[in-house]
Amino acid sequence: LQQQEIADLQDYIDRNRVRASTAKRAHSRILKLDKLERIERPHAGQKPPHIRFTTGLKSYEQVLDVEHLDLVVGEPPARKTLLRDVNLEVKRGDRIAIIGENGVGKSTFLKLLLDKIPKGPGEIYWGRNVQTAHYDQEIRELSRSKRVIDEIWDRHPGMSELQVRSLLGSVGLTGDHVFKAVADLSGGERAKVRLAELMLEHANVLLLDEPTNHLDLMAKEALEEALLDFEGTLLIVSHDRYLLNKIPTRILELTRQGAREYQGGFDQYLTASRLREEREAATAPAAVKAPSAAARGKARRRDEAQRRQRIGELERTIETLEGRIAELEREIADPVIASDYLALGARCEELDRLRPELSEAIDRWTELSDGAEG
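FYI, the numbering for the sequence shown is 15 to 388, going by the working numbering.
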């Protein structure tokens, strides 16, 4: 599927980049193609990964209670409330998928539950014997400067080299891959290293943020089967519709107005959500009188000016971020910096922070540019 997407993007670029009327839209595809991280293809004859999550302690029945929680990010004066009055009750064995539009705070919500960021108003109560493990979609838990084998070994020094290599082999990392630096791995390979670590944590509550991102089809299927077989409790943020239909027993939708719960998987959520919208539309008050043509024209001109101004700001932001990222990549490749653990780590951390910012800016630029041409 991704190879087809790449082919379609390239075809559009080749056909339209030299035509003045479509050059801007072609450029947006170029940006999208450049930032698209290729999902690794499984090698011919490659065995599917073996993933299995086991629990240590058995948690009590009541796993988590969230009461009247506000999701607040940033510091004054830029402090912002993303979500208000979120309530959630989680029992042992629940498999809950967390969905919502981009930017609503799904990933931040997981971090807030784990006390990784400061909490706003509201309460979070974890039950007794709960042991949590977190998969971050940026896979920040891994040390990019370490070798793959040392990433596992340093966390579990009691394991033998044979045991570590056997574990990595079970998720599809064999041969010289185990001696590579984490920074030199593909996104899919880094994901497999982190999944191997989760297998060793024996947590009874898994909080997973976009766990199927970057994985090839065989790895996705192996992960889905592992999650179905898992005897603990799951909280999953995902855009993967197949996973959203196969894994969860409940859907928690986060919106700007709060949170709503739905029983079942994603298709049941779509049906229930559509029925709710129809009921709300039927009981909504009559629409107010439409504005005049002159007022509409004035509003359009104002919106267009604001759109053009925002596009200019985003282009300057993209240029600055791309320049800094290129500079950091050159510095990381410098043997002097590569041999300095602290200097290398600082640059890798900055690179991990800037890449999502660039991706978000490009997405917004593309939306605004395409919106004017549609």
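C-beta: ideal position from N, C-alpha, C; glycine also. What you are looking at is a predicted structure, and each value in this text was computed from that prediction instead of being measured.
Skipping 5 residues on each side, what residues in its chain have a beta carbon closer than 6 Å to that of residue i?
i, result
"residue 287", "none"
"residue 217", "145, 146, 147"
"residue 142", "74"
"residue 172", "none"
"residue 388", "Legend: pLDDT at residue 388 = 43, less than 50; position of this residue unreliable, value from coordinates given subsequently. Closer than 6 Å at Cβ, skipping near neighbours: no residue."
"residue 135", "84"
"residue 137", "81"
State yes or no: is the C-beta of residue i within less than 9 Å of the C-beta of residue j?
i, j, result
"residue 153", "residue 253", "no"
"residue 99", "residue 278", "no"
"residue 102", "residue 118", "no"
"residue 393", "residue 72", "The structure shown does not extend to residue 393, since the chain is modelled only from 15 through 388, so no value can be given for it."
"residue 270", "residue 83", "no"
"residue 225", "residue 210", "no"
"residue 236", "residue 349", "no"
"residue 85", "residue 128", "no"
"residue 158", "residue 354", "no"
"residue 266", "residue 275", "yes"
"residue 207", "residue 214", "no"
"residue 156", "residue 165", "yes"
"residue 182", "residue 188", "yes"
"residue 380", "residue 245", "no"
"residue 325", "residue 376", "no"
"residue 243", "residue 259", "no"
"residue 289", "residue 261", "no"
Kindly indicate the opening and closing residues of the beta strand (DSSP E) around residue i.
i, result
"residue 101", "94-105"
"residue 76", "76-87"
"residue 196", "Run containing residue 196: none; DSSP gives neither H nor E here."
"residue 223", "219-223"
"residue 251", "247-251"
By the DSSP assignment, the alpha helix (DSSP H) with residue i in it spans what residues?
i, result
"residue 309", "307-347"
"residue 201", "201-215"
"residue 234", "231-243"
Enumerate in chain order the residues of its own chain whose CB-to-CB distance from residue i is below 7 Å, with the five nearest sequence positions on each side excluded.
i, result
"residue 223", "121, 124, 149, 150, 151, 251"
"residue 368", "335, 338, 339"
"residue 371", "335"
"residue 87", "94, 96, 122"
"residue 104", "77, 78, 110, 247"
"residue 257", "226, 238"
"residue 330", "none"
"residue 169", "211"
"residue 255", "280"
Verify the contact flag: residue i, CB atom, against every heavy atom of the ligand GTP, threshold strictly below 8 Å.
i, result
"residue 264", "The model depicted lacks the ligand GTP and carries no ligand whatsoever."
Who are the Cβ neighbours of residue i in its own chain at under 8 Å, not counting the five residues just before and after it?
i, result
"residue 108", "77, 247, 248, 263, 264"
"residue 61", "186"
"residue 58", "Because the pLDDT at residue 58 is just 48, under 50, the model does not fix this residue reliably, and the value given afterwards should be weighed accordingly. Same-chain partners within the cutoff: there are none."
"residue 239", "65"
"residue 351", "345, 357, 358, 361"
"residue 305", "313"
"residue 163", "175, 178, 179, 182, 192, 193"
Quick test of your reading: residue i and residue j, contact by CB under 8 Å. State the CB separation rounded to the nearest angstrom.
i, j, result
"residue 178", "residue 167", "6 Å"
"residue 346", "residue 358", "7 Å"
"residue 220", "residue 67", "7 Å"
"residue 364", "residue 342", "6 Å"
"residue 196", "residue 160", "6 Å"
Next on the checklist: At 3 residues or longer, what runs of the beta strand (DSSP E) sit wholly inside the stretch 96-183?
Outcome noted: 109-113, 137-140, 146-149
Next on the checklist: Extract the residue ranges of the beta strand (DSSP E) inside the stretch 253-290, only unbroken runs of 3 or more that lie entirely within it.
Outcome noted: 264-269, 272-277
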